[in-house]
Each structure stands twice: as C-alpha cells, then as structure tokens.
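What follows is one structure encoded as structure tokens, with my remarks underneath.
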Ligand SMILES: [Zn+2]
C-alpha cells in the first residue's frame, strides 16, 4: 500500500505471520519480567509458575492479570531498571485519587515515538504536514509527549499549542495553518466555535484531519458518533479516533478507513476478558486487557484497563490484517445490568445528545433486586413539549430497556452535575451497594 512505509508493513501480513511475531515478542517480554521485575518474580513464585509456561498469546490466560490496585499497592516493585536509567516520569490517576508514577527509559520513549509514527502513517500523514497538538504537553502526561516524539520521528512539523488557551489555539490555526489537529473532541468543537465567533469558517482553514483523543468519536457500529459527526460537520475534515492509556503505553488508532483502532502486533498483545479474567471471543464486549510489549522501565503483564470494548479480527478495508479495537463502550465499574440487558452510561449520553430539546442530564444507578440494577435519567428540557414518556420511549428503542425518566429544571441539573474542583461535569451517580 502506498505511503504505508516500512514502519507498519507487518500489519498487512497474514494474521498467522503477525501472530508468530507477536508470540516471539511476548516470550522475550516474559523472559525480561522473570529476570528483572520484583513484582512478577514474586507473584510467579507465589503461584508456583514455571518459566516457559507461556509460549504465546494463546497461553496468556494461564497467568494472572494485573490491576491498577496492584500498581498502587506495590508501585516500587514494578521498576525493572536502576533509576539512573530512567529519563521521564509520567503520572496517571490512581483509583484512590493518588497519582501513580510510571518511570520510562530512553528506550521506552523511542517505543512511544515508533507507536505514534505508525499511528500517523496509518492516517496518511507525512513530513509535509503541520500538526497542531492541542493537548497537554506538561503536567507529567504521557500522551502529548508521545505525539510530539512521533511527529519528530515522522518528520512532520509539530505546533505545540497545549490545551489551555482557546485564543492561542485559534491564533495558531489562523496564522500557522496546521493541516491536522489532535485534541479531545469537546475542545475541537470549542475551537471551531471560537474561530466562527472571530468570523472565520473552520472549513476554510486548511485543516483536513482531526484526531479525537480521550473520548470515542465512533459508535459501537464503528460509524461516527453524534459527537464525532459534529466535529466533522464543524471542520469539514476527516475525523479519526485513537485510544491509549499511560499504563498500556500503546495507542490504538483508526486508519483512513475509520473502522476502529488498529493494533500493531509488535507493540502490545490485547485480550478481551470477562469479569473473571477469562478471554472472550472476537466480537464480544469485555474488558480491554493489554500486555504492552517491549517496555523496559515498568513493564506490565495482562494489565486490566477497566475499559469495555469489542475486538474486530476480520480484515479491514484498508488492507491491514491487524486486529481493530472498537470504541470504548464504557467502564467495567459503570456497567449496568438492567433485567438481563447490559447498558453503559456513555451509550445513554450519546442518545441524549441526539435528542433535540434536551439541554442537560445526569444518570443515577440504584440496586433494584439481586441481579438487576435500576437506572434513572434526569433530563432538563429546552422544549416543554418533550415529555418524560417521550424521552423514555426514545431511549428504550435503542437501549432495549426502558429507564425511569424525570424532567427537571436546567438549574437543578447544573447544580447536581457541576462540582467544584472537577474539570468536567459529573453525569453519572452510582448508588449501587457494591460500587461505593
Ligand atoms: Zn484499516
């Protein structure tokens, strides 16, 4: 395929060849962990696991998973190199609110750069592109750094705009003419509005590619979500998504076909597992569990992300045979089981976004009886002709369960959802016993 370059050629190989290469990488990864990782050495000794238990990705379910709680409890035990070999410190949020520290080596930064170079090549970017990074490059975040390093490797020109100042970003778009913008979708929308307020049509700025991070721009059928469609409509360019997290140190990104995040087999092994950690077949929704390959500072094994998605293994129309990860459907911890049907809060938010006349909302989950949760949706309406029953019917048509719907004044919704000290409104309140 033209323009693909050697970096991601492997993804066009037959699945068996990709699997063989990944199995080989996994064996090296496990040998490294057994030699260097205090955490995994201890854990395997406790479990009586012999070296060589795992010969390939298919054997991974024989090993225990690693949770965020493990990282919190035994942070220091994950480091595999002396601190003199670490060059960057990343912070990520822990489950208790305390930040987790992940130390990276020079080699790890090169791996991140290669990962993002592959991402950008999949999207057809090259040295002639000017890429506006409207993401945080500071505060010990990994993402902005990884994109920057990837652009350097690609030979494109990075515009390090940051995410803090809309006027500054608007000025960069106007004067420096980026061809690509990377940002969270809500910032892409706000930036388009800002330009429009200044009398500039975002569609005439020369931006042809928009990469949405942090929130999915696709729905579960892989078509653009209402949010993704809005970004596309405002900017007129092509909208793509990418999914990544600090712990997994790997990004899954759309190709130009926009059919889910491709996984480069050299960078990570991915399993989709059920609540007990048992692998699920392709096409079934479960928790994304990632073994990032080739990390040397704080390498992990079967890291449970807490995110729910589906893995697609059929060939992509771009010609790549690498698996693709669908959009994140929600968090494992926020999954609702309502009379046998699984519902994730983001799916409800997406439907509410499509409702003309609704101008604010929040969800509350309660225990109903032993095996069922109860969902209450509170909606503020701009248009009084939109009744609770109509909202409930609309939601039921797509969710296949009918939630309780309450209409409330906009001020009450704002009072509940906008909380001091929180960057984003809180739209989901979980009052179920086991989750608090
Ligand atoms: Zn593709």
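In my numbering, the protein residues as written are 1234 to 1669. Backbone N, C-alpha and C fix where the C-beta goes; we use that ideal spot for every residue, glycine too.
Counting only the same chain and skipping the five closest in sequence on each side, list residues whose C-beta sits under 7 Å from that of residue 1459.
Within the chain shown, the letter at position 226 stands for residue 1459. Excluding sequence neighbours, residue 1459 sits near 1583, 1586 and 1587.
Suppose the cutoff is 6 Å on Cβ atoms and the five residues either side in sequence are ignored; what does the same chain contact list for residue 1386 look like?
Working through the chain shown from its first residue, we reach residue 1386 at position 153. Counting only Cβ-Cβ distances below 6 Å, and skipping sequence neighbours, we find 1346 and 1350.
Where does residue 1545 sit, in a helix, a strand or coil, going by DSSP?
To locate residue 1545, count along the chain shown from 1; it is residue 312. Residue 1545 falls in the strand class under three-state DSSP.
With a Cβ-Cβ cutoff of 8 Å, do residue 1504 and residue 1515 count as a contact?
Mapped onto the chain shown, residue 1504 falls at position 271. Mapped onto the chain shown, residue 1515 falls at position 282. No, they are not a contact pair.
For residue 1234, does the three-state DSSP call read helix, strand or coil?
For the purposes of this step, residue 1234 is identified with residue 1 of the chain shown, where counting begins at 1. Residue placement at residue 1234 is flagged as unreliable, the pLDDT there being 39, under the threshold of 50; a coordinate-derived value is accordingly withheld.
Return the CA-CA distance between residue 1630 and residue 1453, expressed in angstroms with no decimal places.
Translated into the one-based positions of the chain shown, residue 1630 becomes position 397. Translated into the one-based positions of the chain shown, residue 1453 becomes position 220. One C-alpha to the other measures close to 16 Å.
Here's a check: name, in chain order, each residue in its chain whose Cβ is nearer than 6 Å to the Cβ of residue 1480, leaving out the five neighbours to either side.
Taking the first residue of the chain shown as position 1, residue 1480 is located at position 247. Excluding positions up to five away in sequence, the list reads 1536.
Give a yes or no on contact between the stretch 1610-1625 and the stretch 1640-1648, applying the rule of three or more CB pairs nearer than 8 Å.
With the cut-off at 8 Å, the stretch 1610-1625 and the stretch 1640-1648 touch.
Could you give the C-beta distance for residue 1243 and residue 1498, rounded to a whole number, given that I count them as a contact under 8 Å?
The count along the chain shown starts at 1 and reaches residue 1243 at position 10. The count along the chain shown starts at 1 and reaches residue 1498 at position 265. That belief holds up - the Cβ atoms of residue 1243 and residue 1498 are roughly 6 Å apart, short of 8 Å.
Name the DSSP bridge partner or partners of residue 1594?
For this step, residue 1594 is matched to residue 361 along the chain shown. Its beta-bridge partners are 1612.
Could you say if the stretch 1322-1342 and the stretch 1520-1534 meet the contact criterion of at least three C-beta pairs nearer than 8 Å?
Yes, the stretch 1322-1342 is in contact with the stretch 1520-1534.
Go ahead and label residue 1474 buried or exposed: buried means 16 or more other beta carbons lie within 10 angstroms of its beta carbon, across all protein chains shown.
To locate residue 1474, count along the chain shown from 1; it is residue 241. So residue 1474 ends up on the buried side.
Within this structure, are the beta carbons of residue 1464 and residue 1418 separated by less than 8 Å?
For this step, residue 1464 is matched to residue 231 along the chain shown. For this step, residue 1418 is matched to residue 185 along the chain shown. Result yes, Cβ atoms of residue 1464 and residue 1418 sit closer than 8 Å.
I'd like to know whether the C-beta atoms of residue 1352 and residue 1555 end up nearer to each other than 8 Å.
Mapped onto the chain shown, residue 1352 falls at position 119. Mapped onto the chain shown, residue 1555 falls at position 322. No; because the gap between Cβ atoms is not below 8 Å, this pair is not in contact.
CA-CA distance, residue 1545 and residue 1408?
The residue you call residue 1545 lines up with position 312 of the chain shown. The residue you call residue 1408 lines up with position 175 of the chain shown. Their backbone Cα atoms lie some 41 Å apart in a straight line.
Evaluate residue 1666 with the Cβ neighbour count: other Cβ atoms within 10 Å of its Cβ, from every protein chain shown; 16 or more gives buried, anything less gives exposed.
For the purposes of this step, residue 1666 is taken as residue 433 along the chain shown, with counting starting at 1. With fewer than 16 other Cβ atoms within 10 Å, it is exposed.
Along the beta strand (DSSP E) that carries residue 1519, what are the first and last residues, could you check?
Working through the chain shown from its first residue, we reach residue 1519 at position 286. Taken as a continuous stretch (DSSP letters only), the beta strand (DSSP E) holding residue 1519 covers 1519-1525.
How big is the Cα-Cα spacing for residue 1471 and residue 1325?
Locating residue 1471 in the chain shown gives position 238, where the first residue counts as 1. Locating residue 1325 in the chain shown gives position 92, where the first residue counts as 1. Between residue 1471 and residue 1325, the C-alpha separation is close to 30 Å.
What does the alpha-carbon distance come out to for the pair residue 1579 and residue 1562?
If you number the chain shown from 1, residue 1579 lands on position 346. If you number the chain shown from 1, residue 1562 lands on position 329. So the alpha carbons of these two residues sit roughly 7 Å apart.
Suppose contacts are defined by Cβ-Cβ distances below 8 Å. Is residue 1526 in contact with residue 1263 by that definition?
Indexing the chain shown from 1 puts residue 1526 at position 293. Indexing the chain shown from 1 puts residue 1263 at position 30. No; because the gap between Cβ atoms is not below 8 Å, this pair is not in contact.
Going by the DSSP bridge assignment, what does residue 1540 pair with across the sheet?
Within the chain shown, the letter at position 307 stands for residue 1540. Partner(s): 1564.
List in chain order: all unbroken beta strand (DSSP E) runs of 3+ residues lying wholly within the stretch 1384-1450.
Those beta strand (DSSP E) runs which fall completely within the stretch 1384-1450 and span 3+ residues are 1390-1392, 1413-1416 and 1442-1445.
Can you list, in chain order, the residues of its chain with a C-beta nearer than 7 Å to that of residue 1314? Leave out the 5 residues immediately preceding and following it.
On the chain shown, residue 1314 is found 81 positions in, with the first residue counted as 1. Result list for residue 1314: 1338, 1529 and 1530, in chain order.
Compute every distance between the C-beta of residue 1545 and the non-hydrogen atoms of ligand 1, then say whether any falls below 7 Å.
In the chain shown, the residue the question calls residue 1545 occupies position 312. No, the Cβ of residue 1545 stays beyond 7 Å of every heavy atom of ligand 1.
Would you grab the beta carbon distance between residue 1297 and residue 1280 for me? Rounded to a whole angstrom, and I think it's under 8 Å.
Position 64 of the chain shown holds residue 1297. Position 47 of the chain shown holds residue 1280. At roughly 7 Å, the Cβ-Cβ gap stays under 8 Å, so residue 1297 and residue 1280 are in contact.
Using CA coordinates, which residue listed in 1400, 1382 and 1362 is at the minimum distance from residue 1420?
Residue numbering aside, residue 1420 sits at position 187 when the chain shown is read from its first letter. It is 1400 whose Cα lies nearest to the Cα of residue 1420.
To the nearest angstrom, how far is it from the Cα of residue 1237 to the Cα of residue 1413?
Along the chain shown, read from residue 1 onward, the residue named residue 1237 stands at position 4. Along the chain shown, read from residue 1 onward, the residue named residue 1413 stands at position 180. Since pLDDT at residue 1237 reaches only 44, below the 50 mark, its modelled position is unreliable, and no value is offered.
Can you tell me the Cα-Cα spacing of residue 1577 and residue 1424, whole angstroms?
One-based indexing of the chain shown puts residue 1577 at position 344. One-based indexing of the chain shown puts residue 1424 at position 191. Rounded to the nearest angstrom, the two C-alpha atoms are 29 Å apart.
Assuming residue 1364 contacts residue 1384 (C-beta within less than 8 Å), just tell me the rounded distance between them.
Counting from 1 along the chain shown, the entry for residue 1364 is found at position 131. Counting from 1 along the chain shown, the entry for residue 1384 is found at position 151. Indeed, because the Cβ distance is near 6 Å, the residues count as touching under 8 Å.
Can you tell which of 1557, 1652, 1553 and 1379 has its C-alpha closest to the C-alpha of residue 1341?
Here residue 1341 refers to the residue found at position 108 of the chain shown. When only C-alpha atoms are compared, the closest one is 1379.
So with Cβ pairs under 8 Å, would you call residue 1300 a contact of chain B?
Any reference to chain B falls outside this structure, which holds one protein chain only.
Please confirm whether any heavy atom of ligand 1 lies closer than 7 Å to the CB of residue 1564.
By one-based count along the chain shown, residue 1564 stands at place 331. No.
Measuring only the C-alpha atoms, how far is residue 1250 from residue 1501?
Within the chain shown, numbered from 1, the residue matching residue 1250 stands at position 17. Within the chain shown, numbered from 1, the residue matching residue 1501 stands at position 268. Near 15 Å, if we compare the C-alpha coordinates of residue 1501 and residue 1250.
Of the residues 1274, 1285, 1596 and 1332, which one's Cα is nearest the Cα of residue 1302?
Residue numbering aside, residue 1302 sits at position 69 when the chain shown is read from its first letter. Closest option to residue 1302, Cα to Cα, is 1332.
According to the neighbour-count rule (16 or more other Cβ atoms, all chains shown, within 10 Å of its Cβ), is residue 1618 buried or exposed?
Translated into the one-based positions of the chain shown, residue 1618 becomes position 385. Exposed, by the Cβ-count rule.
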